[in-house]
Amino acid sequence: MKRLLPLVILISVIFTLASPPVFALGAEGRAQPEINAPAAILMEKETGTVLYEKNAHEPGFPASITKIMTMLLIVEDIEAGRLKLDDTVIASERAASFGGSCVYLEAGEQMSVSDMLKCIAVVSANDCAVAMAEHISGSEEKFVERMNKRAKELGLENTHFSNCSGLFDDGAHFTTAYDVALMSRELIKHDLIKDYTTIWMDSIRGGEFELSNTNKLAYWYPGCTGLKTGYTSTSRYCLSATAERNGVEYIAVVMHCETSDSRNKDAETLLDYAFSSFRLCSLNDGVLLPDVHVELGRAENVRAEYTGDSVAVIPKGGEPEYKLELRNTALIEAYKDYVCKDFSVTDADIADWYEKQLKSDKELYASNPGQYKDNEEYFEKYCGIYDDAAPALVVPEGYSRIMDIVVIPEGELGDDYKKKNEQLDSLREECTSLLFTDALNGDGANSERIAQLISDYKTLQAECDEMYNKFIEPYRAKIDKAFAELEGGADFAQVMLKYTENEYVAGSDSYGGCETFRTKGQLISTKHSSSKGDWSSTVKEIYSLLKPGEYSDVFTDTDGSLHIIYRGADETPGEVKLADVIDKVTAIVKATSDTEAWDELLDTWMDDADIVYDKDLIASVGKTYVKE
71 MKRLLPLVIL ISVIFTLASP PVFALGAEGR AQPEINAPAA ILMEKETGTV LYEKNAHEPG
131 FPASITKIMT MLLIVEDIEA GRLKLDDTVI ASERAASFGG SCVYLEAGEQ MSVSDMLKCI
191 AVVSANDCAV AMAEHISGSE EKFVERMNKR AKELGLENTH FSNCSGLFDD GAHFTTAYDV
251 ALMSRELIKH DLIKDYTTIW MDSIRGGEFE LSNTNKLAYW YPGCTGLKTG YTSTSRYCLS
311 ATAERNGVEY IAVVMHCETS DSRNKDAETL LDYAFSSFRL CSLNDGVLLP DVHVELGRAE
371 NVRAEYTGDS VAVIPKGGEP EYKLELRNTA LIEAYKDYVC KDFSVTDADI ADWYEKQLKS
431 DKELYASNPG QYKDNEEYFE KYCGIYDDAA PALVVPEGYS RIMDIVVIPE GELGDDYKKK
491 NEQLDSLREE CTSLLFTDAL NGDGANSERI AQLISDYKTL QAECDEMYNK FIEPYRAKID
551 KAFAELEGGA DFAQVMLKYT ENEYVAGSDS YGGCETFRTK GQLISTKHSS SKGDWSSTVK
611 EIYSLLKPGE YSDVFTDTDG SLHIIYRGAD ETPGEVKLAD VIDKVTAIVK ATSDTEAWDE
671 LLDTWMDDAD IVYDKDLIAS VGKTYVKE
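Right, here's the structure in full:
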């Protein structure tokens with residue numbers, strides 16, 4: 071290794087307030103709260119700090135706390151101007167048919183968005199949730215797609231919705247206490263929702279129908295701001311409870327409790343624990359950190375500064391702790407390159423990396439041949455075969471790539487289109503019901519009415535088609551232009567990058583930022599359907615009809631987006647020999663070696679640094695790090 075020069079780099083010293091871990095004991099030795107709920111979590115709103123958890127990441131049925139996400143989308147649409155509180159919502163027959171917790175909407179009944187939201191928040195009205203979903207997205211199914219998309223955006227890794235109410239428990243509808251806390255945290259950022267979740271008693275329909283909050287903490291718990299209860303026979307009793315005192319707000323989620331009383335008691339216990347044991351500490355209370363003296367630098371002193379959040383949760387009676395860090399400046403990076411440029415790795419180091427990675431890849435695919443898509447961590451790391459970052463050394467049998475040129479319409483068709491579609495649904499339901507009745511009775515008594523319904527349906531469908539075609543025309547023109555370029559012999563990958571949003575690839579928003587994914591497409595198994603991931607059924611079906619090297623015609627997916635997909639050539643199965651990837655493997659091993667050596671060097675600098683603090687000044691804000 072080359073000799074290191076005795077150069078002292080100008081550094082900044084940073085004091086970062088450490089976020090507290092999940093506490094086994096609370097502040098000043100206070101015992102951890104005892105609760106009976108099978109799953110629970112306690113979170114501070116401002117920082118998202120977890121103060122207590124119990125099986126918080128285990129998926130289960132959420133019941134009506136599902137409506138937290140439903141209300142979040144409603145409130146976001148209101149604040150974005152896409153929806154108004156005084157807008158009129160017309161209940162469909164389907165919405166009116168929902169039981170469980172409801173306000174007994176009648177088909178065709180009109181109610182304002184504000185009253186609908188009130189019914190959802192206060193009495194957990196399933197019928198109102200469905201009516202709002204249909205009003206916003208045209209159907210509950212499309213609204214649920216938005217729910218799942220928003221869940222991904224919020225980082226809810228163990229959540230998937232199949233309905234907007236939580237009334238039905240099925241394998242595709244699940245969440246965790248932690249994910250409920252995250253969506254609750256996002257919802258209470260909108261003060262509007264608290265106008266509804268804090269209601270004790272109210273009424274609708276001119277006072278004819280009374281409402282009483284299902285969240286009994288709203289009645290008696292000081293500072294309660296919401297949020298949502300839930301119950302089914304399978305999920306049992308669930309609650310996301312929020313409360314605020316002196317500007318600090320906590321979220322307590324308890325799930326699958328045996329009784330409503332036990333869920334209320336557990337939520338209270340967690341909130342009491344939070345308010346009694348913790349406080350928010352501001353890093354901007356007027357206390358200045360001292361300058362740090364630097365030997366042999368360009369300046370005698372550098373300013374210490376805070377990084378990260380401006381506040382943190384700490385135990386009451388305690389003080390924040392600060393840690394010393396080096397700022398990763400351009401100067402340090404340049405010096406790292408200078409120091410490490412002559413580092414070398416041996417043939418044995420390279421062979422060792424190859425053998426370990428080859429063994430790991432074989433084990434991975436032996437356990438699951440469709441692993442590329444199933445294991446998110448693996449896919450993010452390798453991002454497909456022969457990626458520039460790191461090669462995968464095993465090519466499973468039956469893999470090819472799928473590419474997708476997608477044009478997504480912006481905006482919406484409007485309320486008139488939604489109303490016409492609602493009318494279509496109504497006509498379809500009535501016609502189906504009459505056909506069933508006639509088939510059952512065998513008398514054809516409703517044949518004239520059925521014929522009229524079919525005629526009305528065709529007329530209305532034609533109107534909807536005309537509206538849709540006018541709306542979609544500019545987007546279709548764009549993708550038709552892309553198709554024309556392909557027909558002219560253009561490379562599919564280049565056309566995909568040209569006409570598709572840079573960070574979006576249909577089928578997996580999570581991997582859209584991966585360069586290989588965007589330029590080479592997604593590597594999927596032709597034998598294992600699970601590897602096809604989130605691709606829609608339409609895309610999967612069309613892909614299955616393509617031969618290797620073929621691309622499809624322009625088609626419209628169920629969400630209205632326009633697509634052209636390409637099926638790449640089948641990958642040759644087997645092992646990738648070291649000789650074929652020697653340059654990439656060498657670069658990986660050297661980069662790893664450089665990083666380890668550099669980290670050791672930084673540790674040496676930290677140990678040898680002559681840094682002296684103003685002990686009295688720092689003592690006023692927390693623990694001191696003083697080298698005598």
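In the working numbering, the protein residues as written are 71 to 698. Glycine is no exception: its CB is placed at the ideal position from the N, C-alpha and C atoms.
Item: With contact counted as at least three CB pairs below 8 Å, one residue from each stretch, are the stretch 615–631 and the stretch 547–558 in contact?; Value: yes
Item: Quick check on the burial criterion: 16 or more other C-beta atoms within 10 angstroms. Buried or exposed for residue 473?; Value: buried
Item: Are there 16 or more other CB atoms within 10 angstroms of the CB of residue 299, so buried, or fewer, so exposed?; Value: buried
Item: So residue 633 is in the alpha helix (DSSP H); what residue range does that whole segment cover?; Value: Where residue 633 is concerned, there is no enclosing alpha helix (DSSP H), although the beta strand (DSSP E) it sits in stretches over 632–637.
Item: Please confirm whether residue 250 and residue 234 have their CB atoms less than 8 Å apart.; Value: no
Item: Going along the chain, which unbroken runs of the alpha helix (DSSP H) with 4 or more residues stay wholly within the stretch 109–161?; Value: 137–149
Item: With three or more beta-carbon pairs closer than 8 Å as the criterion, would you say the stretch 290–306 touches the stretch 273–281?; Value: no
Item: Rank 465, 570, 557 and 424 by C-alpha distance to the C-alpha of residue 435 and give the top, closest one.; Value: 465
Item: Pull up the CB-CB distance for residue 142 and residue 220, whole angstroms please, since I reckon it's below 8 Å.; Value: 7 Å
Item: I need the straight-line Cα distance from residue 293 to residue 668, nearest angstrom please.; Value: 51 Å
Item: Tell me the start and end of each unbroken alpha helix (DSSP H) in the stretch 162–238 that is at least 4 residues and wholly inside, in chain order.; Value: 163–166, 183–193, 196–207 and 210–223
Item: In chain order, what residues of the same chain have a beta carbon less than 7 Å from the beta carbon of residue 496, not counting five sequence neighbours either side?; Value: 162 and 163
Item: Can you check whether the CB of residue 339 is closer than 8 Å to the CB of residue 295?; Value: no
Item: Taking C-alpha atoms, which residue in 200, 407, 476 and 514 lies nearest to residue 69?; Value: Here the chain covers residues 71 to 698 and nothing more, so residue 69 does not appear.
Item: Report the residue from 421, 184, 639 and 331 whose alpha carbon sits nearest the alpha carbon of residue 155.; Value: 184
Item: Helix, strand or coil for residue 530 per DSSP?; Value: helix
Item: With three or more beta-carbon pairs closer than 8 Å as the criterion, would you say the stretch 113–127 touches the stretch 163–183?; Value: no
Item: Taking the straight line between their C-alpha atoms, what separation do you get for residue 642 and residue 467?; Value: 7 Å
Item: On a CA-only basis, which of 125, 491 and 382 is nearest residue 535? Give me that one, please.; Value: 491
Item: By DSSP, does residue 324 sit in helix, in strand, or in coil?; Value: strand
Item: Spatial neighbours of residue 533 within its chain, please: C-beta separation below 8 Å, excluding the five flanking residues on both sides.; Value: 490
Item: Between residue 272 and the rest of its own chain, which residues show a CB-CB distance below 7 Å, the 5 nearest in sequence each way excluded?; Value: 188, 192 and 281
Item: Taking the straight line between their C-alpha atoms, what separation do you get for residue 177 and residue 160?; Value: 8 Å
Item: I need the straight-line Cα distance from residue 479 to residue 631, nearest angstrom please.; Value: 6 Å
Item: I need the DSSP call for residue 594, collapsed to helix, strand or coil.; Value: strand
Item: Figure out for me which residue from 157, 175 and 158 has the closest Cα to the Cα of residue 165.; Value: 175
Item: Sort out for me which residues DSSP pairs residue 474 with in a bridge.; Value: 635
Item: Measure the Cβ-Cβ separation of residue 122 and residue 138 and say whether it is below 8 Å.; Value: no
Item: In chain order, what residues of the same chain have a beta carbon less than 6 Å from the beta carbon of residue 314, not counting five sequence neighbours either side?; Value: 293 and 295
Item: Where do the ends of the beta strand (DSSP E) carrying residue 492 lie?; Value: Looking at the DSSP string, residue 492 is not in any beta strand (DSSP E); the run it does join, the alpha helix (DSSP H), is 485–511.
Item: Between the C-alpha atoms of residue 146 and residue 616, what's the straight-line distance to the nearest angstrom?; Value: 41 Å
Item: Measuring CB to CB, does residue 287 end up less than 8 Å from residue 253?; Value: no
Item: Using only alpha-carbon positions, find the residue among 595, 107 and 414 that is nearest to residue 325.; Value: 107
Item: Express the C-alpha separation of residue 337 and residue 328 in angstroms, rounding to a whole number.; Value: 14 Å
Item: Can you tell me the Cα-Cα spacing of residue 206 and residue 561, whole angstroms?; Value: 39 Å
Item: From which residue to which residue does the alpha helix (DSSP H) around residue 289 run?; Value: 287–290
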